[in-house]
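Reading through the structure tokens given below for one structure.
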Amino acid sequence: MASHGIRGEATAPASYCAVGSLRGTRVASWIFCTTLTFVLVGCASSQPVSLARQIEQLARSNGAEVAVAYHDSASGQSFFRNERIVFHAASTMKVPVMLGLMESVDRGALALDQGVPVKNDFVSILDGSRYSLDPKEDSDPSLYESIGSTLPLEELMRRMIVRSSNLATNVLIDLIGAPRVMTLMKELGANDIKVLRGVEDDKAYHAGMNNVVTAYDLMLVLRRIAERGAISQKASDAMLRILEAQEFNSGIPAGVPAGIRVAHKTGSITKISHDAAIVYPSDASHYVLVILTRGMADGDKAHHLIAEISRAIWNSRSK
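In terms of the working numbering, the sequence shown opens at residue 1285 and continues consecutively.
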């Protein structure tokens, strides 16, 4: 069953703005909407109910399971639907990997200009067996031409996000280690994001050892980046520049007017299509929108559904 609004002790009938704090080793207090204990500071209008109906109709007409987490930085308005349901992460897990890398750069353990060996030989987390990636299954096949050489960390990280390179992702996870990424997610309060392994570890996949996310936790992570509070202001700015250069734009960006800045990361595998974004309206402050979908075999139709939900969110803001 879909959930709507912000939930505390009991489910609220509409969206609210809440004041709370999130604390971790590197995390300062901040304003956010949460399902933990909170103080209501303003009630939204009946608008979210109408929006909920629109999204419900879109999901049903497409036979899809849909999760949405939306937060507007200026108004504090939020909208949630299935925001705590766990989905296979697909390539949205590359955002947490990027944060893990930038945290290591920020504390001096890594450098953006350091050379990283490009390889296509990886170890399954299930049994330690070796596997490699097929360039025909990768959205960035040109990177395979660099196997055996080194490339700057910054270039590999950019290709991981902008072109969703699987090869770059696995090389970088080997460099930093999935446990470090998980530790950072816990520090940010994104407790339901799990980055366990690299891409295309088929043995682990079939054993159920998968990278997973929720719409709510992806929203928390993107909010921290947008508010320049992820790792440091410098690191946040660098990550925003990379996210804004995304080359796959048929999801959330397709649902907003042309020319609107969108910093985002997509993710798609069989019957899974996601998009997680920071949107910058020209006449207002940014908002964060995460849309996760499951159950649609046609990827183009799934992207269209995400664009339609994005459009509904955009239009709801101007009413």
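Virtual Cβ for every residue (Gly too), placed ideally from N, Cα, C.
Note that the structure is a prediction, hence the values are computed from the model and not measured.
Buried versus exposed call for residue i [16 or more other C-beta atoms within 10 Å across all chains shown]
i: Asn1454; result: buried
i: Gly1539; result: buried
i: Ala1343; result: buried
i: Ile1544; result: exposed
i: Asp1559; result: buried
i: Ser1362; result: buried
i: Arg1442; result: buried
i: Ser1313; result: Note that Ser1313 has pLDDT 34, beneath the 50 cutoff, so the model's placement of it is unreliable and no number is given.
i: His1587; result: buried
i: Glu1421; result: exposed
i: Pro1380; result: buried
i: Asp1418; result: exposed
i: Ser1448; result: buried
Per DSSP, the bridge partner or partners of residue i
i: Phe1532; result: Looking at the DSSP assignment, Phe1532 forms no beta bridge with any residue, so it has no partner.
i: Lys1478; result: Val1496
i: Val1407; result: Arg1414
i: Thr1434; result: Pro1401
Beta-carbon proximity of residue i to residue j, cut-off 8 angstroms
i: Ile1575; j: Ser1594; result: yes
i: Leu1385; j: Ile1477; result: no
i: Tyr1428; j: Asp1486; result: no
i: Thr1498; j: Glu1349; result: no
i: Val1479; j: Met1377; result: yes
i: Val1402; j: Leu1435; result: yes
i: Arg1507; j: Ser1520; result: no
i: Ala1596; j: Ala1358; result: no
i: Lys1555; j: Met1523; result: no
i: Ile1526; j: His1548; result: no
i: Ile1553; j: Ala1488; result: no
i: Ile1431; j: Asn1450; result: no
Delimiting residues of the beta strand (DSSP E) encompassing residue i
i: Gly1384; result: Here Gly1384 belongs to no beta strand (DSSP E); instead the alpha helix (DSSP H) covers Lys1378 to Asp1390.
i: Val1400; result: Gly1399 to Pro1401
i: Val1446; result: Counting along the chain, Val1446 falls outside any beta strand (DSSP E), though it belongs to the alpha helix (DSSP H) covering Leu1437 to Val1446.
i: Ala1353; result: Glu1349 to Asp1356
i: Ser1426; result: Unbroken run through Ser1426: none, as it is neither H nor E.
i: Ser1362; result: Ser1362 to Arg1365
The alpha helix (DSSP H) enclosing residue i, as first and last residue numbers
i: Val1465; result: Ala1462 to Leu1472
i: Leu1417; result: First-last for Leu1417: undefined, no H or E at that position.
### Whole runs of the alpha helix (DSSP H) within the stretch 1482 to 1529, excluding any shorter than 4 residues
1486 to 1490, 1499 to 1510 and 1517 to 1528
#### Entry: Contained beta strand (DSSP E) runs [length at least 3] in the stretch 1523 to 1598, N- to C-terminal order
1545 to 1553, 1556 to 1564 and 1571 to 1578
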